[in-house]
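K.L.:
Quick one: the structure is below, and I'll ask about it shortly.
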Amino acid sequence: MEAVLDELYTTPPADFVARRETLAVAAKTAGGLDNARRIRAARRPTLAAWAANLLLRTQPEESRHFLELGRALREAYKALDADVLKDLSAQRRRVVSALSRQAAQLASEAGHQLSQPVQQDLEATLRAVLADPDAADQWAGGRLVNALTPPSEFHPGSAPAAEKPGTCNRPAPPSPSASRRRASNDELAERRRARQEQLARAREAAEAAEQRLRDERARQADVDAELQRARERTEQARRRMSAIEEQLRQAREECRQAEHEQQEAEAHSRSAAEVVAQAERAAHETTQQLRRMTRGAT
0 MEAVLDELYT
10 TPPADFVARR
20 ETLAVAAKTA
30 GGLDNARRIR
40 AARRPTLAAW
50 AANLLLRTQP
60 EESRHFLELG
70 RALREAYKAL
80 DADVLKDLSA
90 QRRRVVSALS
100 RQAAQLASEA
110 GHQLSQPVQQ
120 DLEATLRAVL
130 ADPDAADQWA
140 GGRLVNALTP
150 PSEFHPGSAP
160 AAEKPGTCNR
170 PAPPSPSASR
180 RRASNDELAE
190 RRRARQEQLA
200 RAREAAEAAE
210 QRLRDERARQ
220 ADVDAELQRA
230 RERTEQARRR
240 MSAIEEQLRQ
250 AREECRQAEH
260 EQQEAEAHSR
270 SAAEVVAQAE
280 RAAHETTQQL
290 RRMTRGAT
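Sequential numbering of the sequence shown, starting at 0, is according to numbering that gives the first Met the number 0.
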């Protein structure tokens with residue numbers, strides 16, 4: 000049943016209702032009334048939501064890495080300040096842009112060109128997946144009905160709530176006591192070290208995602224080149240087949256002509272044989288008559 004619903008939500012929206020009814024009838028025929036009701040309760044996704052579902056289902060490895068990148072970025076957002084987060088914003092934008100283009104290409108191959116507003120909704124959905132764990136869980140289910148909206152508090156380069164002035168995470172003011180100053184410095188150093196580690200992990204995740212996208216583009220280019228070569232080979236084979244078919248047509252015509260000539264020759268041969276037979280009979284009769292005349296003369 001889960002596989003049936005997954006397949007339904009990768010069906011283009013224009014065909015969704017008809018496909019839903021077909022699957023529901025099949026489930027009911029198989030005796031699954033509850034399954035049929037569950038299928039009929041499925042809501043048709045918007046074009047942007049369908050493209051996001053299609054991306055998840057057809058590119059599972061890329062989607063898994065994208066979800067991992069979102070977890071790393073959210074973790075970094077909780078601990079890093081605005082200046083550090085700016086270092087990640089460009090990579091995040093590139094990854095979202097590349098994945099949205101990939102989803103648009105998949106939609107195009109399925110027969111649906113995405114308009115600019117739909118493309119924007121798709122990009123917003125992917126940004127939401129990076130920023131919001133609930134949005135990430137919804138997308139990971141592969142059955143989005145509507146586009147997702149990123150949370151307003153997750154903006155690249157904005158100060159994280161945990162680092163805003165006046166919060167409990169603000170470093171304590173210097174203490175007159177040397178021991179307290181050392182403790183504060185140690186705590187600050189530990190926080191900086193933790194931030195640097197989180198930043199490094201987030202950067203590694205973003206760079207790995209970009210590298211995987213580059214690899215996917217390279218593989219796609221290889222596939223497209225092979226497809227072009229296959230099309231060219233197909234066209235060459237069709238031309239050779241057309242030439243062979245023309246030769247075969249001519250050979251058949253020549254064969255029919257030869258058969259006709261053979262039939263005429265056979266008819267002439269039969270006529271000639273009949274004439275020869277008649278001549279042989281006439282010669283035989285003449286010979287016999289001559290012999291009789293010769294015997295009578297003697």
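Even for Gly, the Cβ is constructed at its ideal location relative to N, Cα and C.
#1: Would you mind working out which of Arg-100, Ala-71, Ser-88 and Ala-229 sits nearest Leu-121, comparing C-alpha positions?
#2: Taking the straight line between their C-alpha atoms, what separation do you get for Ala-51 and Ala-139?
#3: Could you check the C-alpha separation between Leu-53 and Gln-235 for me, to the nearest Å?
#4: Let me know the secondary structure DSSP gives Asp-14 once reduced to three states.
#5: Quick check on the burial criterion: 16 or more other C-beta atoms within 10 angstroms. Buried or exposed for Ser-151?
#6: Please state if the CB of Arg-39 and the CB of Thr-9 are separated by a distance shorter than 7 Å.
#7: So what's Arg-360 in DSSP terms, helix, strand or just coil?
#8: Taking the alpha helix (DSSP H) that Arg-56 falls in, what are its first and last residues?
#9: Could you give the C-beta distance for Ala-146 and Ala-48, rounded to a whole number, given that I count them as a contact under 8 Å?
#10: Can you tell me whether Glu-61 is buried or exposed, with buried defined as 16 or more other CB within 10 angstroms of its CB?
#11: Drop a sphere of 10 angstroms on the beta-carbon of Leu-98, count the other beta-carbons inside from all chains shown, and report buried for 16 or more, exposed for fewer.
#12: For Leu-46 and Ala-229, I'd like the C-alpha separation in whole angstroms.
#13: Buried or exposed for Asp-131, please, with buried defined as at least 16 other CB atoms from any protein chain shown within 10 angstroms of its CB.
#14: Please state whether the Cβ-Cβ distance between Ala-41 and Arg-19 is less than 7 Å.
#15: How long is the line joining the alpha carbons of Gln-115 and Glu-1, rounded to whole angstroms?
#16: Ignore the nearest five residues each way along the sequence and tell me which others in Ile-243's own chain have a CB closer than 6 Å to its CB.
#17: Which of the three DSSP states, helix, strand or coil, is assigned to Ser-151?
#18: Quick test of your reading: Leu-129 and Arg-91, contact by CB under 8 Å. State the CB separation rounded to the nearest angstrom.
#19: Are the Cβ atoms of Arg-37 and Phe-15 separated by less than 7 Å?
#20: Looking at the structure shown, is Met-240 part of a helix, part of a strand, or coil, going by DSSP?
#21: What first and last residue would you give for the alpha helix (DSSP H) that runs through Ala-29?
#22: For Val-95, which of Glu-108, Ala-109, Ala-106 and Leu-68 has the nearest alpha-carbon?
#23: For the alpha helix (DSSP H) that contains Leu-125, what are its first and last residues?
#24: Is it the case that the Cβ atoms of Thr-148 and Ala-135 are separated by a distance below 7 Å?
#25: Helix, strand or coil, according to DSSP, for Arg-169 in the structure here?
#26: So the alpha helix (DSSP H) Ala-41 belongs to, where does it begin and stop?
#27: What number of angstroms, rounded off, separates the C-alpha of Glu-225 from the C-alpha of Lys-27?
#28: List the whole-angstrom C-beta distance separating Ala-103 from Pro-11, where the pair is believed to meet the contact cut-off of C-beta under 8 Å.
P.N.:
Quick look at the numbers:
#1: Arg-100
#2: 10 Å
#3: 35 Å
#4: helix
#5: exposed
#6: no
#7: Absent from the structure is residue 360, since the part of the chain shown begins at 0 and ends at 297.
#8: 46-57
#9: 6 Å
#10: buried
#11: buried
#12: 32 Å
#13: buried
#14: yes
#15: 32 Å
#16: none
#17: coil
#18: 6 Å
#19: no
#20: helix
#21: Element bounds for Ala-29: n/a, residue is neither H nor E.
#22: Leu-68
#23: 115-130
#24: no
#25: Reliability of the predicted coordinates at Arg-169 is poor, the pLDDT of 40 falling under 50, and the value obtained from them is presented with this limitation in mind. Arg-169: coil per DSSP, three-state reduction.
#26: No alpha helix (DSSP H) holds Ala-41; DSSP gives it neither H nor E.
#27: 44 Å
#28: That belief does not hold up - the Cβ atoms of Ala-103 and Pro-11 are roughly 14 Å apart, past 8 Å.
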